[in-house]
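Scroll down for the structure; my scribbles are underneath it.
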Amino acid sequence: MLSFLHWLGLYRLQYNNQILTVFPIQDVAVKILKVQGFDSERFEEFLKEVTLMKRLRHPNIVLLMGAVIQPPKLSIVTEYLSRGSLYELLQMPSVGSSISEKRRLSMAYDVASGMNYLHQMKPPIVHRDLKSPNLLVDDSYTVK
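The sequence shown maps to residues 94 to 237 in this note's numbering.
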């Protein structure tokens, strides 16, 4: 269900688990985790992911801007990437077929650059779910 809410002077556009919150300075994406069936092991994994994401600073890695780590309102706040997933972008008839070869190569380079950054970390970080639906694209077609 899609709804538009006005909350504490901020505008929020909500769809499923994703919320776009419009701050006066910058748009952000808020992913709200469902706590049902969220045992202590999954909570520890969530905390590890947030701790890891706090360390990551690279132009091709989605920027973590904050998190709520107290149940029941667990959530992750990241930069908002307006073009959505790479998969969705490439499936759009009006956009996918019109992306030039040069831009496609640049987008592939973005993915490789982000993955190289993760693999150069100490210890190396392995993504484990690299696929186009999990890659996000910003206004200037930078892939993260």
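We put the beta carbon where it would ideally sit given N, CA and C, even for glycine.
Q. In angstroms, rounded to a whole number, what distance separates the CA positions of residue 137 and residue 143?
A. 10 Å
Q. From what residue to what residue does the beta strand (DSSP E) around residue 159 run?
A. 157 to 161
Q: Go through its chain and collect everything with a Cβ distance to residue 175's Cβ below 7 Å, but skip five positions before and after it.
A: 231 and 232
Q: Could you tell me which uninterrupted beta strand (DSSP E) segments, each at least 3 residues in length, are contained entirely in the region 112 to 193, listed from first to last along the chain?
A: 120 to 125, 157 to 161 and 168 to 172
(Q) Can you tell me whether residue 214 is buried or exposed? The criterion is at least 16 other CB atoms within 10 Å of its CB, across all chains shown. (A) exposed
Q) By DSSP, does residue 237 sit in helix, in strand, or in coil? A) coil
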